[in-house]
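The structure under discussion appears below in the form of structure tokens.
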Amino acid sequence: MGTEAIRHELAAAVARDFPRLEKAQVIKASECYAQALEYALLTHKDLALLVIGRAVFQIRAQQSEEFARVNEKLDEVLKLLGQGQVPSEAALAVFRQALVNNRLLIDGDVENSMVIVGNNNVVQLSGQLLSELRKRVTLPGDLPLGSYLPLARNTIFTGREKELAELARALLEEGENAVVQQAVAGMGGVGKTQLAVEFAYRYGYRLAGVHWLDLSDPEQLDEQIARNGLEMRLDPWPDKQPEQVSATLHAWRADGPRLLILDNYEDPDNANMVLGRLHGAELRLLITTRSRNWHAGLGLKTLALDEFSPAESLAFLRRWLPEARARDDELAELAERLGHLPLALELAGRYLHRLKTKAVSEYLSELECALEHRSMKGWKPGLGNPTGHDLSLAQTFSLSWQRLESEVARRVLLAAGYCAPGEPLPLEALEGVGGSADALQEALADLLGLGLLKEGEPPTIHPLVAEFARGLDEEGEVLADFAAKIADLANRLNSEADRAGNYALFAPLISHVRAVARAVEKRKIEDERVIAAAAQLWNSLGYHLNAVAEYKGAKAAYERALEILEDHLGEDHPNVATLVNNLGSVLKALGDLQGAKAAYERALEILEDHLGEDHPNVATLVNNLGSVLKALGDLQGAKAAFERALEIFVTFLPPDHPHIKIVRNNLRSLGNSGAK
1 MGTEAIRHEL AAAVARDFPR LEKAQVIKAS ECYAQALEYA LLTHKDLALL
51 VIGRAVFQIR AQQSEEFARV NEKLDEVLKL LGQGQVPSEA ALAVFRQALV
101 NNRLLIDGDV ENSMVIVGNN NVVQLSGQLL SELRKRVTLP GDLPLGSYLP
151 LARNTIFTGR EKELAELARA LLEEGENAVV QQAVAGMGGV GKTQLAVEFA
201 YRYGYRLAGV HWLDLSDPEQ LDEQIARNGL EMRLDPWPDK QPEQVSATLH
251 AWRADGPRLL ILDNYEDPDN ANMVLGRLHG AELRLLITTR SRNWHAGLGL
301 KTLALDEFSP AESLAFLRRW LPEARARDDE LAELAERLGH LPLALELAGR
351 YLHRLKTKAV SEYLSELECA LEHRSMKGWK PGLGNPTGHD LSLAQTFSLS
401 WQRLESEVAR RVLLAAGYCA PGEPLPLEAL EGVGGSADAL QEALADLLGL
451 GLLKEGEPPT IHPLVAEFAR GLDEEGEVLA DFAAKIADLA NRLNSEADRA
501 GNYALFAPLI SHVRAVARAV EKRKIEDERV IAAAAQLWNS LGYHLNAVAE
551 YKGAKAAYER ALEILEDHLG EDHPNVATLV NNLGSVLKAL GDLQGAKAAY
601 ERALEILEDH LGEDHPNVAT LVNNLGSVLK ALGDLQGAKA AFERALEIFV
651 TFLPPDHPHI KIVRNNLRSL GNSGAK
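Residue 676 is where the sequence shown ends in UniProt numbering, and the numbering goes up by one at each step.
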């Protein structure tokens, strides 16, 4: 038996032998006894060990006797319940304590039938017996007498079993004789309040009371405490609020354990003062918050709440839409589009449930801009609102945005909004937006702390938050800057990959290059710098995909880049020639030799017009044309092309230049057709 166990048993002994002492006095007395024993161990070790050993023996004997007595009484209670009888008040006291101490296995709750297993008894409670028992004992699904929880239990609550079990361990098991402060942190709309409400109804039977404090405005703390005291019907009840607060806090601390739910508490800077006022051995604090920036000294445990898993999303949507209404694959696609965010899924579910002729496929086609769809903008609030929170997704995210004070963090979020959702963010490109590595790290800390980005190495952004962020960049100013930054990064990574022979260097950027390039095209920004960046992004992507032999993807990327440049620079611009040449190399790899020949000939014609017939860049194109002519079987044409390319290179480049060696090898490969 360790020191903590001895302290616990001493407290139990003091409470038993001095029943008139208040809880605080019991704890203080047991502390004094424990300190005396610890001191005795230092000064009179042999004697102290003898005393402690005898005390431990007596405690264990008493424990064993008490346990046997309680078990016998509990057995009698369960047998009576099994016979359909409601036990006496004295017997029910034992039953209540067994419930609080989690000594009974329970399946079900008061909303349905309930099965209780304990002491080799299996009892089913339902009908009249369950109704009678509920009047005298708090059962799973009910709240203790005097509790205040203004939100009803959500009948379609889905999933979160792991999180509920973790909260139960923290608040009901680990918290014995200790102050427990537990936060549930996550982005807006992830279901923090719903989790707290479900926890209260599911485990309230193990508590002396559940008390709800809306701390969206921390200035209203006293009002919220007093409101709970009023619900407890404390007698006498003072007339003035300060005395009401004192009376309520005293009642909470005198009898427990009690669960205090601090909903929507977003003030880490003043948390020490608020949590200090709610200090007490019998109090368990459960905080719902978007913030993760809590000072370590608070001793606050944090449970990070993420979006639903795909299985949870499907199960939740099925509560709204039966199989006759929608297929699993349709609901899976809907959940993916909404990023598995519980609030978004609820808004979609209630909308489709109401509009019974609306097909899921039709609804999906309307969600290109999900935040602008009427289902996501507070549609028909009269249909019900389990938490009382805002039914507008944009407004939900806006609450976090408004608390973001750093201008750098705001720009970083807007830039991140153009990245691929759910993918590790490109920190090098974002660093250019933030101004420096240190500034970026501070910005990321702010964004993670408010739930606007998701934890990860590097962090990621939720698709709906990304959509919200893009909407804030009304003029596209951040997009213009970020597109240039990520285009430069893509170009540099391709060069590094070539030098190192490691094309995996570019891979993490692929999805972001696509996302930013598409955003530029969609915005139709006329800034030449932005247009050039978009073309460069598609070109860089094509270059990488070509290098890793993903030729179809490379062809599509080059064609997108070519379309942009032709629209803005004309069909005969030198930059267009470069892209046509790149496209030709991919067409050749795909086996479209005629297409490759046409591309090389077109690129050659453009460059000859701009650079003349004897420029080294022209020679490169002539050599490329020769290679495709050779593949087509036109060996004389290939020979002529290689000879022309060699003549230009020899004129402008040193004899040992790699380009010259390549062309000579090409000529030799023609065999009997001749070579220089």
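Ideal Cβ positions, reconstructed from N, Cα and C, are used throughout, including at glycine.
Under a three-way DSSP split, which group does residue i fall into?
| i | result |
| --- | --- |
| ARG134 | helix |
| ARG668 | helix |
| THR302 | strand |
| ILE156 | coil |
| ALA185 | strand |
| THR357 | coil |
| VAL586 | helix |
| SER398 | helix |
| TYR418 | coil |
| LYS79 | helix |
| VAL576 | helix |
| LYS454 | strand |
| HIS544 | helix |
| ASP656 | coil |
Would you mind stating whether residue i and residue j have Cβ atoms separated by less than 9 Å?
| i | j | result |
| --- | --- | --- |
| MET232 | ALA251 | yes |
| PHE649 | VAL628 | no |
| HIS461 | ALA416 | One detail in the question is off: residue 461 reads as Ile in this sequence, not His. Going by C-beta atoms, ILE461 is nearer than 9 Å to ALA416. |
| ILE606 | VAL580 | yes |
| ARG411 | ALA443 | yes |
| GLY542 | ALA556 | yes |
| MET187 | SER406 | no |
| CYS419 | HIS512 | yes |
| ASN264 | THR289 | yes |
| GLN182 | LEU278 | no |
| PRO144 | LEU215 | no |
| GLY584 | ALA599 | yes |
On a CA-only basis, which of the options is nearest residue i? Give me that one, please.
| i | options | result |
| --- | --- | --- |
| THR302 | HIS340, ASP222, LEU430, LEU171 | LEU171 |
| ASP446 | ASP255, PRO268, GLU243, LEU646 | PRO268 |
| TRP379 | ASP328, GLY349, VAL210 | GLY349 |
| PRO381 | LEU347, LYS356, LEU399 | LEU347 |
| GLN224 | GLN241, PRO236, GLY209, TRP237 | GLN241 |
| ALA484 | ALA315, ARG529, LEU139 | ARG529 |
| PHE642 | ALA504, HIS657, VAL478, THR620 | THR620 |
| GLU526 | GLY584, GLU307, GLN181, GLU475 | GLU475 |
| GLY108 | GLY84, LEU139, VAL100, ARG96 | LEU139 |
| HIS657 | VAL433, LYS639, ASN624, PRO616 | PRO616 |
| SER147 | ASP255, LEU80, LEU133, GLU76 | ASP255 |
| SER313 | LEU298, ALA332, HIS295 | ALA332 |
| LEU414 | PRO459, PHE468, TYR363 | PHE468 |
| TYR558 | HIS568, ASP567, ASN546 | ASN546 |
| LYS358 | LYS377, LEU321, SER392 | LEU321 |
| ALA394 | LEU448, SER436, HIS573, VAL465 | VAL465 |
| VAL548 | VAL576, GLY595, TYR503, GLU521 | TYR503 |
| LEU537 | LEU133, ASN228, GLU608, LEU489 | LEU489 |
On the DSSP bridge assignment, give the partners of residue i in chain order.
| i | result |
| --- | --- |
| ARG258 | GLY209, LEU283 |
| ASN121 | GLY118 |
| ASP214 | ASP263 |
| ASP107 | VAL115 |
| SER392 | LYS377 |
| TYR148 | HIS211 |
| LYS630 | None, per the DSSP bridge assignment. |
| THR288 | VAL184 |
| THR460 | LYS454 |
My guess is that residue i and residue j are in contact by the Cβ rule of under 8 Å, so how many angstroms apart are they, rounded?
| i | j | result |
| --- | --- | --- |
| residue 677 | ILE564 | Because the chain in this structure spans residues 1 to 676, residue 677 falls outside the shown range and cannot be described. |
| SER131 | SER113 | In fact, because the Cβ distance is near 12 Å, the residues do not count as touching under 8 Å. |
| LEU149 | TRP212 | 5 Å |
| LEU334 | LEU355 | With a Cβ gap of about 14 Å, LEU334 and LEU355 do not count as contacting. |
| LEU371 | GLY471 | 7 Å |
| GLY189 | LEU343 | 3 Å |
| ALA226 | VAL245 | 6 Å |
| LEU493 | PHE506 | 5 Å |
| VAL360 | LEU352 | 7 Å |
| VAL123 | ILE116 | 5 Å |
| LEU285 | LEU260 | 5 Å |
| ALA315 | GLY191 | Going by Cβ atoms, the distance from ALA315 to GLY191 rounds to 14 Å, so no, they are not a contact pair. |
| residue 680 | GLU307 | Residue coverage of the chain in this structure runs from 1 to 676, which leaves residue 680 outside it and unanswerable. |
For residue i, decide whether its Cβ has a neighbour in chain C, counting only Cβ atoms nearer than 9 Å.
| i | result |
| --- | --- |
| GLU362 | The question asks about chain C, but that chain is absent: this structure has only one protein chain. |
May I ask whether a heavy atom of the ligand GDP can be found less than 8 Å away from the beta carbon of residue i?
| i | result |
| --- | --- |
| ASP614 | Looking for the ligand GDP in the displayed structure turns up nothing, as the structure carries no ligands at all. |
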